[in-house]
Amino acid sequence: MGGCLSGDLKGGKQAIGGGVHGRSTMNNDTGHNEAIHHFYTVRGHSPLFTLIEALNLNEQDFLGETTCVLSEIVTKSNRTLTLNLRGKNGPGGSRNFGALTVHAEETFLSRMTVEMKLCCSRLYNVDMFSKSDPFLRISRQTEDGNHVPICKTEVINNNLNPVWRPLYLSMQQFGSKDDPLLIECFDFNSNGNHVLIGQLHKSVSELEKLHKDRSGANLIFPSHRGQEKVLKGQLFVDQFIEKEHFSFLDYISSGFELNFMVAIDFTASNGTPRNQDSLHYIDPSGRLNSYQQAIMEVGEVIQFYDSDRRFPAWGFGGRTYDGTLSHCFNLNGTNAYEVEGVQGIMSAYASALHNVTLAGPTLFSHVISMAAQMASQANSNCITKYFVLLIMTDGVLTDIQETMDALVRASDLPLSILIVGVGNADFKQMEVLDADDGRRLESSTGRVATRDIVQFVPMQEVHSGQVSVVQALLEELPSQFLTYMRSRNIKPLHV
Numbered sequence: 001m002g003g004c005l006s007g008d009l010k011g012g013k014q015a016i017g018g019g020v021h022g023r024s025t026m027n028n029d030t031g032h033n034e035a036i037h038h039f040y041t042v043r044g045h046s047p048l049f050t051l052i053e054a055l056n057l058n059e060q061d062f063l064g065e066t067t068c069v070l071s072e073i074v075t076k077s078n079r080t081l082t083l084n085l086r087g088k089n090g091p092g093g094s095r096n097f098g099a100l101t102v103h104a105e106e107t108f109l110s111r112m113t114v115e116m117k118l119c120c121s122r123l124y125n126v127d128m129f130s131k132s133d134p135f136l137r138i139s140r141q142t143e144d145g146n147h148v149p150i151c152k153t154e155v156i157n158n159n160l161n162p163v164w165r166p167l168y169l170s171m172q173q174f175g176s177k178d179d180p181l182l183i184e185c186f187d188f189n190s191n192g193n194h195v196l197i198g199q200l201h202k203s204v205s206e207l208e209k210l211h212k213d214r215s216g217a218n219l220i221f222p223s224h225r226g227q228e229k230v231l232k233g234q235l236f237v238d239q240f241i242e243k244e245h246f247s248f249l250d251y252i253s254s255g256f257e258l259n260f261m262v263a264i265d266f267t268a269s270n271g272t273p274r275n276q277d278s279l280h281y282i283d284p285s286g287r288l289n290s291y292q293q294a295i296m297e298v299g300e301v302i303q304f305y306d307s308d309r310r311f312p313a314w315g316f317g318g319r320t321y322d323g324t325l326s327h328c329f330n331l332n333g334t335n336a337y338e339v340e341g342v343q344g345i346m347s348a349y350a351s352a353l354h355n356v357t358l359a360g361p362t363l364f365s366h367v368i369s370m371a372a373q374m375a376s377q378a379n380s381n382c383i384t385k386y387f388v389l390l391i392m393t394d395g396v397l398t399d400i401q402e403t404m405d406a407l408v409r410a411s412d413l414p415l416s417i418l419i420v421g422v423g424n425a426d427f428k429q430m431e432v433l434d435a436d437d438g439r440r441l442e443s444s445t446g447r448v449a450t451r452d453i454v455q456f457v458p459m460q461e462v463h464s465g466q467v468s469v470v471q472a473l474l475e476e477l478p479s480q481f482l483t484y485m486r487s488r489n490i491k492p493l494h495v
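Each residue of the sequence shown is one higher than the one before, counting from 1 in full-length UniProt numbering.
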């Protein structure tokens with residue numbers, strides 16, 4: 001989602017986006033907007049606004065700085081927030097640094113979306129004992145000639161003439177309508193080694209023309225020798241609609257909320273909390289363990305999208321205060337499952353480590369069903385609430401099929417599930433639940449999930465610096481939210 005930030009500095013000075021030079025002005029207009037690619041690509045303590053009066057490129061007077069979470073801005077009814085400025089070393093005592101008023105608005109470009117329904121005919125069969133399981137992957141070309149995937153279809157099993165569900169591509173994803181896109185058709189393999197069936201290069205404009213002409217484009221098979229083999233299989237565009245879609249920001253600004261929920265693994269494989277090598281060890285120095293880190297980083301962003309900031313918090317896989325083994329118990333040890341704010345979750349977690357005995361096995365289905373029940377009840381009374389469940393675990397599931405059944409049922413509800421893998425366990429099961437490979441989850445009765453609602457990230461990648469836990473977990477949340485709202489034809493309020 002695209003957007004920009006602008007700032008007005010009281011006193012007539014110019015507010016400039018960090019790292020960008022500009023001229024001072026005599027009015028309150030900044031003259032520069034700082035582009036923000038996506039709400040969730042900004043970490044919890046960003047943006048950091050540093051105010052500079054640029055006298056020249058070599059001499060700059062520091063005017064003050066402040067920090068805020070971007071969600072604090074976009075959840076305001078007018079998308080405007082006023083922040084007090086301070087010095088680089090904190091408050092300036094008697095000195096008044098003034099205030100900065102920040103306004104966020106969405107760029108029109110990011111609201112334009114192309115909806116396409118793609119299909120293929122006469123695909124080459126690359127399977128030996130059955131028909132191919134095709135899916136499409138669409139990538140855009142970067143300036144250096146590489147390709148970056150921007151979307152993919154679901155997998156259609158055993159079919160050489162597949163018709164996929166509609167795809168939604170924003171102009172921010174594909175850039176200009178004349179920019180070439182790489183469209184690849186693969187045969188799905190569960191081990192991740194998908195087999196290329198064929199590919200072609202087409203811009204959005206050319207795809208639109210295919211639709212208008214009701215014609216197909218032949219797939220080609222590339223050769224390392226530079227020769228391309230033209231295949232019999234063709235790509236068709238059954239539907240092409242270009243329109244302005246309501247964005248995530250449209251919904252949030254009109255009063256829609258993200259209701260945060262947390263579930264924490266209390267199985268014995270985490271190790272005794274008193275031991276320093278335990279995943280649940282509370283460091284007296286204040287250094288956060290992986291569970292605390294995930295709670296803080298995700299909670300500090302999502303809390304601003306929840307008006308009452310009362311969060312359901314559960315534990316699973318432990319023996320509770322009365323010795324009962326439970327796979328969904330209230331983290332605070334009372335009959336009330338809600339706690340006050342992110343600090344309430346942190347306090348309840350620390351308290352539970354003293355009162356709950358780690359046990360097992362690792363079961364997800366209970367907490368997912370509990371969250372789904374809450375989402376279902378709220379949905380019947382209020383369409384403006386969307387629920388986000390954060391599950392943190394260290395182990396391998398023993399109820400994988402029951403969990404898949406629960407996720408398939410939940411895919412019809414206003415619910416997304418974020419899973420954090422803690423420790424060094426084998427998390428291949430979580431990647432299956434994530435379904436990023438394009439294959440929709442299927443229940444034990446054969447029912448297929450209506451949408452993908454899971455995002456998984458192992459904390460190993462976070463600790464190694466490969467990803468930010470917030471970026472990795474929340475990357476797909478806006479699209480999951482929008483997919484649900486569009487499928488129910490739910491529009492922002494006052495539209």
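Every residue gets a Cβ at the ideal spot worked out from N, C-alpha and C, and that includes glycine.
Computed from a predicted model, the values in this text were never measured in an experiment.
Suppose contacts are defined by Cβ-Cβ distances below 8 angstroms. Is Q199 in contact with N218 by that definition?
No, these two residues do not count as a Cβ contact at 8 angstroms.
Whole-angstrom distance between D306 and N82, CA atom to CA atom
For clarity, residue 82 is Thr in the given sequence; the question names Asn instead. Approximately 20 angstroms between the Cα atoms of the pair.
Based on the DSSP secondary-structure assignment, which residues constitute the bridge partners of H147?
Q141
Beta carbon of V339 nearer than 8 angstroms to that of A348:
yes
Rounded C-alpha distance that separates M368 from F256
The sequence given here places Ile at residue 368; Met does not occur at that position. Distance between the alpha carbons of I368 and F256: 22 angstroms.
N-terminal and C-terminal residue of the alpha helix (DSSP H) that V448 is part of:
No alpha helix (DSSP H) contains V448, which DSSP labels as neither H nor E.
Between D426 and N158, what straight-line distance do the alpha-carbon atoms span, to the nearest angstrom?
Cα-Cα distance, rounded: 30 angstroms.
Measuring straight from C-alpha to C-alpha, what distance separates T272 and S278?
6 angstroms
Tell me which residue opens and which closes the beta strand (DSSP E) that V195 is part of.
Taken as a continuous stretch (DSSP letters only), the beta strand (DSSP E) holding V195 covers V195 to S203.
Can you have a look at D434 and say buried or exposed, based on whether 16 or more other CB atoms are within 10 angstroms of its CB?
buried
Closer than 7 angstroms: G299 CB and nearest the ligand HEM heavy atom
Within the structure as shown, the ligand HEM is missing, as the structure has no ligands at all.
Could you give the first and the last residue of the continuous alpha helix (DSSP H) run that contains G344?
G341 to N355
Cα-Cα separation, H366 to M485:
26 angstroms
So what's I419 in DSSP terms, helix, strand or just coil?
strand
Given 8 angstroms as the limit, is there contact between the stretch 371-380 and the stretch 230-248, that is, 3 or more CB pairs closer than that?
Under the Cβ criterion (8 angstroms, minimum of three pairs), the stretch 371-380 does not count as touching the stretch 230-248.
Note the first and the last residue of the continuous alpha helix (DSSP H) segment covering N381.
S365 to N381
Thinking C-alpha only, which one of Q455, Q480 and S487 is nearest A472?
Nearest in C-alpha terms to A472, of all of Q455, Q480 and S487, is Q455.
Status (buried if at least 16 other CB within 10 Å, exposed otherwise) for E34
Residue placement at E34 cannot be trusted, given a pLDDT of 43 that sits under 50; what the coordinates show is reported in the next sentence. By the neighbour-count rule (16 or more Cβ atoms within 10 Å), E34 is buried.
If you draw a straight line from the C-alpha of K117 to the C-alpha of V230, how long is it?
23 angstroms
Cβ neighbour criterion (16 or more within 10 Å) applied to residue 540:
Outside the shown range of the chain, which is 1 to 495, sits residue 540, and nothing can be said about it.
Assigned secondary structure, T334 (DSSP; H/G/I helix, E/B strand, else coil):
coil
Taking the alpha helix (DSSP H) that E402 falls in, what are its first and last residues?
I400 to A410
Of all the options D179, K152, K177 and G333, which has the alpha carbon lying nearest to the alpha carbon of T168?
The sequence as given places Tyr at residue 168; Thr does not occur at that position. Here the closest residue by C-alpha is K152.
Indicate the three-state DSSP secondary structure (helix, strand or coil) for N289 in the structure shown.
coil
If you draw a straight line from the C-alpha of L160 to the C-alpha of V126, how long is it?
Whole-angstrom Cα-Cα distance: 10 angstroms.
Contacts around K131, its chain only, beta-carbon distance under 7 angstroms, and the 5 residues preceding and following it disregarded:
Take K131, set aside five residues on each side of it, and the residues of its chain with a beta-carbon closer than 7 angstroms to its own are N125, N158, N159 and L160, in chain order.
Tell whether a beta-carbon distance below 8 angstroms holds between N270 and D399.
No, the Cβ-Cβ distance between N270 and D399 is not below 8 angstroms.
Using the Cβ count rule (16 or more neighbours within 10 Å means buried), how would you classify Q276?
With fewer than 16 other Cβ atoms from the protein chains shown falling within 10 Å of its own Cβ, Q276 counts as exposed.
For the putative contact between E297 and V469, defined by C-beta atoms under 8 angstroms, what is the C-beta separation to the nearest angstrom?
Right, their Cβ atoms sit about 5 angstroms apart.
Alpha carbon to alpha carbon, how far is Q141 from P414?
34 angstroms
Label L51 either buried or exposed according to how many other C-beta atoms from any shown protein chain fall within 10 Å of its C-beta, with 16 as the threshold for buried.
Bear in mind that a pLDDT of 46 at L51, under 50, signals an unreliable position, so the number given afterwards is only what the model happens to contain. Taking all protein chains shown into account, L51 has 16 or more neighbouring C-beta atoms within 10 Å of its C-beta and is therefore buried.
What's the C-alpha gap between Q292 and G315?
14 angstroms
Please go through the same chain and pick out, in chain order, the residues whose beta-carbon is closer than 8 angstroms to the beta-carbon of D179, but skip the five residues on each side of it.
Only R140, Q141, S203 and V204 meet the Cβ criterion.
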